[in-house]
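The structure appears right after this line, and notes come after that.
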Amino acid sequence: MVNVSFKKGLLAVGVGAALFTATVSAQDIQAQRLYAQSLAATCANCHGTNGVSAPGATMPVINQLSSSVMYEQLQAFKTGARTGTIMHQLAKGYTDEQLKIIADVLGKKN
Ligand code: HEC
Numbered sequence: 000m001v002n003v004s005f006k007k008g009l010l011a012v013g014v015g016a017a018l019f020t021a022t023v024s025a026q027d028i029q030a031q032r033l034y035a036q037s038l039a040a041t042c043a044n045c046h047g048t049n050g051v052s053a054p055g056a057t058m059p060v061i062n063q064l065s066s067s068v069m070y071e072q073l074q075a076f077k078t079g080a081r082t083g084t085i086m087h088q089l090a091k092g093y094t095d096e097q098l099k100i101i102a103d104v105l106g107k108k109n
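Numbering that gives the first Met the number 0 applies: residue 0 is where the sequence shown begins, and numbers increase by one.
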């Protein structure tokens, strides 16, 4: 009997630990999403919310680019392979990892 209740106790601890882990990782995912969204939001002033410029705006609509093409373009600006009026300066302010995250958030999903 002692053995059975000990096992039940262990099971309860195990389930509790699993639930705790699930809660922590859900928070981690939420924090990662918030981080990704706030990085992408730094582009909204010029390219509009979620990469959709206002109708008639002269800024390129960037959400029509796939994430991989957007990332390539951001890298091209960063390395100087592509010139521009502003993007080659802006792109240098982000790490490669951050540019990847931004391109994943704003790029066209296909
Ligand atoms: C201050 C305004 C401004 C901000 C902020 C800005 N951009 Fe740009 N973006 C431009 C302009 C202007 C161009 C056209 C190229 C140039 O002149 O630099 C451009 C071009 C681009 C292009 C190339 C589009 C194409 O059709 O090839 C991409 C991709 C891009 N921006 C992504 C971003 C991302 C991602 C961010 C946020 C990290 C961002 N931009 C922030 C103004 C801005």
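All residues carry an ideal CB built from backbone N, CA and C; glycine is no exception. Since the model is a prediction, treat every value here as computed from it, not as a measurement.
Between the CA atoms of K77 and K91 - distance to the nearest angstrom: Answer to the nearest angstrom: the Cα atoms are 5 Å apart.
Buried/exposed call for G178, threshold 16 Cβ in 10 Å: Missing from the structure shown is residue 178; the chain here goes from 0 to 109 and no further.
Cβ atoms of A39 and V104: under 8 Å apart, would you say? Yes, they are a contact pair.
Under 7 Å: does the beta carbon of N44 sit that close to some heavy atom of the ligand HEC? At least one heavy atom of the ligand HEC is nearer than 7 Å to the Cβ of N44, so yes.
Of the listed residues A56, E71, Q29, nearest to I101 (C-alpha basis): Here the closest residue by C-alpha is E71.
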